[in-house]
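Those sequence lines, one after another, are chains A and R.
Heads up, the first sequence is in the numbering used here, so the first residue is 1021 and it goes up one at a time.
Heads up, the second sequence is in the numbering used here, so the first residue is 193 and it goes up one at a time.
Think of the CB as a built atom: it goes at the ideal place given N, C-alpha and C, for glycine as much as any other residue.
Below is one structure, written out as structure tokens; comments come after it.
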Amino acid sequence: MEGDMKMRDLRAWLAAAVLLFLPLPALASGQAPVKREHVPGEAIIVVETGLPGKGLSAQQFGGMLSAAAANIASQAGGRSVGITSSIASVTGKNLVLVRSSEKTTEELLAELRKNPAVQSAAPNYRIRLSRTPNDPYYTGGQLWGMTAIKAPTAWDTSVGSKNVFAVVLDTGIKYDHPDLAANMGRDLEGNYGYDYHNGDLDPMDDNGHGTHVAGIIGAAGNNDAGVAGVNWAVSLLAVKVLDDEGSGDIYDLVSGLEYVTDQKRRGLNIRAANMSLGVWLDRSNANEAAAINAMSTACRAVSDQGVILAVASGNEYQDIDNPGGYFSNPDKMWEDYRGMLPYPAAFSHPNMITVSAINSSYRRPDFANYSPRYVHLAAPGQGIWSTYHNGGYEELNGTSMATPYVAGAAALLAAAFPSESAGQIRSRILGNVTKTSNLSGIVASGGYLNLDGAVKNEQTWDGGDGGGGCSATAAVPASLLLLLPLGLLLWKK
Amino acid sequence: MKSTVILFSVLFLISVLCFPLQAAEKAKPAESRVIQGEFLVLFPERQAVLVFEGKERAAATAVMLDMQAEYLKVRYGVSVENTFSAISETTGKGMFFVTCEKAKESVEIQEKLLGDMRADPFIEAVSPNEVRKMISVPVKPQ
């Protein structure tokens, strides 16, 4: 009995909390409140009771509350099925659950609100805990990135859809991996994708990089095995443009982008493409300028077809706006980046998103290239577990791992909001980042991916269409912050 | 006197150490390898194609690509190995992958062909096909 009462108290408190706090974000954002499920024919009411008088036993006080609640409920055409005497004994307010088998929730609420003894009446909203998958790497705590991007609460709204296609342009995908096979899609010709490196229809991964990327976008979730992707369900396509060493030629890369453009143009529902690859090029060199032009045209075609193209900022330890010379990359000290830019990261087509990385302390790792001009946001990119081409799982670092979080987010948002354009989905992603001082002035949005925020979409992105043009909003506050101490100093003087 | 000698010695050492860095060709990130005789050719955007939508644009693009491919064959003697029709239809820019057998065997012919096509006012850009390392996994522990 006491247990039942505690349960009822808890239930009532949760309902009251929902009642009190639910409308706030909606009001703050000026948007219509989200429609929540409630139990039909039930209402939670708050009745002013006053505190129990001296000499009144708990049982007597409970009896009084029950009688008053029953009276109020019957006047409204319902019956009292639960009270909260413990709460009432402390607060002087009894939270009562009223149920009616004849009236709808709206009718019951209207009747209850007529009674002056009722302070407030609300539907009995259903409350669900965030959906969490049972995949061992998730339950074991290794998939810190999913928590960082607030995926569990986003999964309440959507866990992805097989109707949405996401393309991985990389070293291929191990399409028969136990954690990926269920989420492999088929293109319009019935294939898993294409291998442009070998010129055949078998895009099997011989490096591991592409399989790792694919697992972050869409390893099968809640299947009691391995890892969970951002999408528990999605249709992955593999476009192999790189060999077993991660090298590829410009022709294969452009051919891969042609494949995406062609499949999309012919009706396949490709909503996201991932390019965890890049190369530093010098625009003043005629050959390289021409290669940039060809790649840019191909990326623009994908973007113009309404596909979100997530690209990695690269792992060369560089400030892209001011790249360094020899010794600036401790992994390759002989390389000189001055006068160069990384591509495709530096392109600024409307549906492209350039991604840097954060570690589990929500800071940019040293290796992750950055720029408030060319890089839009960050995502988890260090200590990332995902599927691997040996059929198992591997932990890798890099902006290559951060990028598929964003491509995956685009695919999940497309599943949740299928009528929205690529531009709208991009705005959801960039407008709702988790801002942090660690990334202010480092990436254009000043934050890292917030999937739940993107689903709820309480903010808007006003940072422009392209990587190259998105610096203004981030750069101005950053520069003002830098000037602030100077201003204070002068003012004091 | 002694300090002057030390100063000159330091200046000499600095000049010796710095000269090779200035003279040496800039070390490029992501080592590249040009594939002789293979080129990507890009024509300028044609608004006449982009004014159409749907099947009409596809038809207009096909005509444009046929004409441009023929031009490349006749004018430069190259083989059109692939036409990027989806990219061309979306952007209005004809894009081709072409090869030249003679350029595969001779750097001089490769450079001459590249120079000639780049000087062509009907062509926007020509890139030799290059293999490049495009992915990297950072090796330094953080």
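Residues in the same chain with beta-carbon distance under 8 Å from residue i, minus the five sequence neighbours each way, listed in chain order, please.
i	result
residue 1198 of chain A	1245, 1246 and 1411
residue 1135 of chain A	1092, 1095 and 1096
residue 1357 of chain A	1300, 1336, 1338, 1343, 1344, 1345, 1348 and 1349
residue 1280 of chain A	1187, 1189, 1259, 1290, 1293, 1322, 1325 and 1327
residue 287 of chain R	232, 233, 234, 235, 275, 276, 279 and 280
residue 1156 of chain A	1244, 1245 and 1246
residue 1486 of chain A	With a pLDDT of 42 at residue 1486 of chain A, under the threshold of 50, the modelled position of this residue cannot be trusted, and the question is left open.
What in chain A is Cβ-close to residue i, meaning under 7 Å?
i	result
residue 253 of chain R	What residue 253 of chain R touches in chain A: nothing, since even the nearest Cβ is about 11 Å away.
residue 230 of chain R	1271
Could you work out which residues of chain R lie near residue i, taking near to mean beta carbons separated by less than 7 Å?
i	result
residue 1552 of chain A	Since the first residue of chain A shown is 1021 and the last is 1513, residue 1552 of chain A is not available in this structure.
residue 1297 of chain A	326 and 327
residue 1281 of chain A	278, 279 and 282
residue 1310 of chain A	317, 318 and 319
residue 1274 of chain A	232 and 276
Excluding the 5 residues flanking residue i on each side, which residues of the same chain have their C-beta closer than 7 Å to its C-beta?
i	result
residue 250 of chain R	281
residue 290 of chain R	231, 233, 264, 270, 271, 272 and 273
residue 244 of chain R	252
residue 1122 of chain A	1097
residue 1063 of chain A	1118, 1125, 1128, 1129, 1132, 1141, 1142, 1143 and 1144
residue 1089 of chain A	1067, 1100, 1103, 1114 and 1116
residue 1474 of chain A	1429, 1433, 1448, 1449 and 1452
In angstroms, rounded to a whole number, what distance separates the CA positions of residue i and residue j?
i	j	result
residue 234 of chain R	residue 1163 of chain A	44 Å
residue 1390 of chain A	residue 1145 of chain A	44 Å
residue 1461 of chain A	residue 285 of chain R	36 Å
residue 1327 of chain A	residue 1257 of chain A	14 Å
residue 303 of chain R	residue 1213 of chain A	35 Å
residue 1386 of chain A	residue 1423 of chain A	17 Å
residue 1202 of chain A	residue 1289 of chain A	18 Å
residue 1393 of chain A	residue 1240 of chain A	35 Å
residue 326 of chain R	residue 1454 of chain A	29 Å
residue 306 of chain R	residue 318 of chain R	7 Å
residue 1193 of chain A	residue 1200 of chain A	9 Å
residue 335 of chain R	residue 309 of chain R	One cannot answer for residue 335 of chain R here, as it falls past the ends of chain R, which runs 193 to 334.
residue 1250 of chain A	residue 1287 of chain A	24 Å
residue 1333 of chain A	residue 1351 of chain A	16 Å
Which stretch, first to last residue, makes up the beta strand (DSSP E) that contains residue i?
i	result
residue 1119 of chain A	1113-1119
residue 1374 of chain A	1372-1378
residue 1060 of chain A	1058-1068
residue 1137 of chain A	Note, residue 1137 of chain A: premise wrong, no beta strand (DSSP E); not H, not E.
residue 1215 of chain A	1213-1215
residue 1089 of chain A	Looking at the DSSP string, residue 1089 of chain A is not in any beta strand (DSSP E); the run it does join, the alpha helix (DSSP H), is 1078-1095.
residue 1405 of chain A	1404-1407
residue 325 of chain R	317-325
residue 1400 of chain A	1397-1400
I'd like the list of long-range same chain contacts for residue i, defined as Cβ closer than 6 Å, with 5 residues on each side in sequence excluded.
i	result
residue 1158 of chain A	1248
residue 297 of chain R	none
residue 1070 of chain A	1112
residue 1255 of chain A	1182, 1185 and 1205
residue 1524 of chain A	This structure leaves residue 1524 of chain A out entirely; chain A is present only between 1021 and 1513.
residue 1435 of chain A	1178, 1180, 1181 and 1184
residue 1215 of chain A	1222, 1223 and 1260
residue 1172 of chain A	1150 and 1152
Mind checking which residues open and close the alpha helix (DSSP H) that includes residue i?
i	result
residue 231 of chain R	Not the alpha helix (DSSP H): residue 231 of chain R falls in the beta strand (DSSP E), residues 224-237.
residue 247 of chain R	246-268
What does residue i reach in chain R if we use C-beta pairs closer than 9 Å?
i	result
residue 1420 of chain A	327, 328 and 329
residue 1325 of chain A	278 and 282
residue 1229 of chain A	327 and 329
If we cut at 8 Å on Cβ distances, does residue i have a partner in chain D?
i	result
residue 313 of chain R	The chain inventory of the structure shown lacks chain D, comprising the protein chains A and R.
Taking residue i as the query, report the chain A residues whose CB atoms sit under 9 Å from its CB, ordered along the chain.
i	result
residue 267 of chain R	Near residue 267 of chain R there are no residues of chain A at all, since even the closest Cβ is about 18 Å away, more than 9 Å.
residue 301 of chain R	Residues of chain A passing the Cβ test: none, with the nearest at roughly 16 Å.
residue 310 of chain R	1306 and 1310
residue 289 of chain R	1271, 1274 and 1275
Output, in chain order, the set of chain R residues within a Cβ distance shorter than 8 Å of residue i.
i	result
residue 1267 of chain A	323, 324, 325 and 326
For a contact defined as C-beta to C-beta under 8 Å, what are the partners of residue i on chain A?
i	result
residue 285 of chain R	1317
residue 238 of chain R	Under the 8 Å cutoff, chain A gives no residues; its nearest Cβ is about 13 Å from residue 238 of chain R.
residue 316 of chain R	1313
Just checking residue i against the ligand FMN - is the residue's beta carbon closer than 7 Å to any of the ligand's heavy atoms?
i	result
residue 1179 of chain A	Within the structure as shown, the ligand FMN is missing, as the structure has no ligands at all.
Segments assigned alpha helix (DSSP H), at least 4 residues, entirely inside the region 273-303 of chain R: Taking 4 residues as the shortest admissible run, the region 273-303 of chain R contains the following complete alpha helix (DSSP H) segments, listed from N- to C-terminal end: 277-283 and 293-297.
Every unbroken alpha helix (DSSP H) inside the region 1220-1305 of chain A [4 residues or more]: Unbroken alpha helix (DSSP H) stretches of 4 residues or longer found wholly inside the region 1220-1305 of chain A: 1229-1238 and 1270-1285, given in chain order.
Unbroken stretches of the alpha helix (DSSP H), 4 residues or longer, contained in the region 1171-1211 of chain A: For the region 1171-1211 of chain A, whole alpha helix (DSSP H) runs of length 4 or above, ordered along the chain, are 1171-1174.
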